[in-house]
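Encoded as C-alpha cells, the structure appears first; notes follow it.
Numbering (our numbering), first residue to last: 35 to 650.
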C-alpha cells in the first residue's frame, strides 16, 4: 500500500536526492539549492539494479548508487542502516527530499479490453500509455479475433493490470457483460504475485458495472473509476490514469523484491519511469507555453511523448530498440531503408550479420566508425517507425468529427492528428544512441532525418537521462525541476529551419538574412551558421528573416517571408533545405554523394571509402 508521506514545504527544500531504478542500472542524482536561489545538479552516481537474483532486493542497488554520490560530494547521505537520511541535518548530512522512480522488473505491463477497437479500446490504450504502461495487447469485439482466440490470448498474457472500457454513459451494456464473461472464462493470472488476484480497473459505462461486478467479484481485484469515454465527444482519462498509478504502487511495487522497503524510504510515492518522464514534459510545456515532442529510445523499447496545445500523448513501441529489439527494427523497416542512411557502400548481408550480433550481444558498443554509423542508421528508422505509431494515437476522438449518425461513425476511416509539425517548438531526444553520440551534430542529424521537423524547431538532447527523477520532482517542486531541466539536463543543439516543399536539385530554396549577412540555400542542401551558447551556457538568440522561394512554405504561406528570433546551440543554426517530405535519391551514387555532403556540412567524420561493415 501507499505509505502516508509528510507534507512538503518547497521553500524549505535545500537538497534533493533522487534515484531511478532501471531494468539494468540504478541512477542517483543530487540537487542542491545555490546561493542565488537556483537549483542545480551537483553530481550523479550509478550501480547495477538488484531486483533480481541473487540479491532480490532493489534497495541494495539504490544504496550502492547513493554511496557513489556520497563519495563524489564528500558528505553523508545515508544513515547507519543504509537508508537515505532525511531531512537534512544541521551538520550538512542528509537531504530534505528523497524521491524515486522505477521501471525495474520490466516496468508496468497492461492489457486493455474495449468494446470498439477504434473508440473505447483506443481511449483505454491512451489512458494506459499516459500512465506509463507498456500495453502488451488490445482486445475488442471488432478486433477480427474469434471469442476462443481472445480467451486463449488472455490466458497467455500475464499483465500487471487489466483496463476494461466501453460504452458511453447510458450506452451499451450487453457487450460489457460479454467481455466480463470472456474474462472470467480466460482467468488470466498476474505477472507478479502468483497467489494474488489480477487487478482489473473498470472504466466503462457505469450502468453495466453492477452486472460486470457480479461476474468478476471474487475472481479479480476489481475497482471502478468514472467512464473514460462518457460521451463520443469527450475523453476523461485522468481518473483511470490515477487508478493505474495507485494499483501500480499497491500491487506491482508490493510484489517486486525490496519495493515495500523502498516505499518507506521515499518522501513521496514511487512513480513509474515513463510516467515520470511524461510529467516533466508536461510541466515544461505548460510553464513555457510551448508544443513539445520528446523521445526516449532504449535497448528494447522507444517511448514518444508529445504536448500539443496542452494535450499530452505518450506511446511506447515495445518492439523497437537499439539492442534487444534491433532485429525487430530490421524486420519492420527492411534492410534497404536502413542501408539508405549509410554514407558508404556495404553489402546487405554484412548489415544483417552486424545487427544480429548486436541482438545476441546487447551490451556491446560500436568499435569502428562504420559500426557507429550503422547503429545511427537503425536509430533513424526506429525513431521514424515509433513516431508514425505515435501519430496514429495522437489524434482527435474517432467517431466524432464528421459523423451525423451511428452508421457514419463506423464508416469513418481516419481522424485528424494532433501532431502539426509547423506548430512544434521543441524536440527533446533521449536514450543512449542520442544522448551519448560522440558528436552532438550526429544526434541533431538523426533527429532531423527521423522526425523531419517543419518550419522553426529547437533541437535538444537529454545530457545524462535524468528526466525520470526530474519528473517525479516536478510533482512536488516544479521550480526545482524546471531549473535543473533547463540548465543541467538539456543540451541545446540549435534551431532547425525547414521549409515545406520540393524542387529540383540546386534550385534556390530559401534566403536567410540577418544584420549585414544574406545567404541563399539551394534545394537539397544543409547549411549550418554559427549561433552558439553564451557565457552562462544559455542559447544565443538572433532575429533573422527567412524568405522561401515560391515553391516552399515556412508557415506563413508559399513564398512568404518569416521574421522571428531563433535560438542557437552547440551545433548552431541549421537550415534544412532538403525538402519536406525528405526523399533520398534513388541512384546509389547520387545518394552517397548527398549523404557525404551533409556529413561534411555538419563536420561529422566519414569512414574511409574502402572500409566496410564487419561482424562484431
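Every residue gets a Cβ at the ideal spot worked out from N, C-alpha and C, and that includes glycine.
Each residue's CA atom was taken as its position, placing residue 400 and residue 531 some 31 Å apart. Taking 8 Å as the cut-off, the Cβ atoms of residue 211 and residue 174 do not count as close. By the beta-carbon neighbour count (other beta carbons within 10 angstroms, threshold 16), residue 263 is buried. Residue 621 and residue 377 have their C-alpha atoms roughly 13 Å apart. About 5 Å separates the beta carbons of residue 81 and residue 60, which is inside the 8 Å limit, making them a contact pair.
Boundaries of the alpha helix (DSSP H) harbouring residue 100: 92-107, taken from the DSSP string.
Residue burial is scored here from C-beta neighbours: residue 277 has at least 16 other C-beta atoms within 10 angstroms and is therefore classed as buried. Pairing residue 628 with residue 566 gives a Cβ-Cβ distance that is not under 8 Å. The beta-bridge partner set that DSSP reports for residue 77 consists of 64.
The alpha-carbon of residue 510 is positioned some 31 Å away from that of residue 602. DSSP links residue 547 through a beta bridge to 552 and 579. The beta-carbon distance between residue 514 and residue 65, rounded to whole angstroms, is 6 Å. This is short enough to meet the 8 Å contact definition.
By the beta-carbon neighbour count (other beta carbons within 10 angstroms, threshold 16), residue 614 is buried.
Residue 556 is a Cβ neighbour of residue 611, given a cutoff of 8 Å. One thing to note: residue 297 has its Cβ no nearer than 8 Å to the Cβ of residue 305. Residue burial is scored here from C-beta neighbours: residue 49 has at least 16 other C-beta atoms within 10 angstroms and is therefore classed as buried.
It is roughly 17 Å from the alpha-carbon of residue 428 to the alpha-carbon of residue 459. In chain order, 231 and 233 place their CB closer than 6 Å to the CB of residue 255, counting only its own chain and leaving out the 5 sequence neighbours on each side. One thing to note: residue 290 has its Cβ no nearer than 8 Å to the Cβ of residue 197.
Rounded to whole angstroms, residue 516 and residue 293 show a C-alpha spacing of 28 Å. It is roughly 22 Å from the alpha-carbon of residue 387 to the alpha-carbon of residue 466. Shown here for residue 424: same chain residues with a beta carbon closer than 6 Å to its own, the five before and five after excluded, namely 338 and 349 in chain order.
Cβ-Cβ distances below 7 Å link residue 76 to 64, 65, 66 and 107 in the same chain, with the five nearest sequence neighbours on each side left out; the list follows chain order. Ranked by Cα distance from residue 475, the options 279, 633, 340 and 359 are led by 633.
Counting the other Cβ atoms within 10 Å of the Cβ of residue 46 gives fewer than 16, which makes it exposed.
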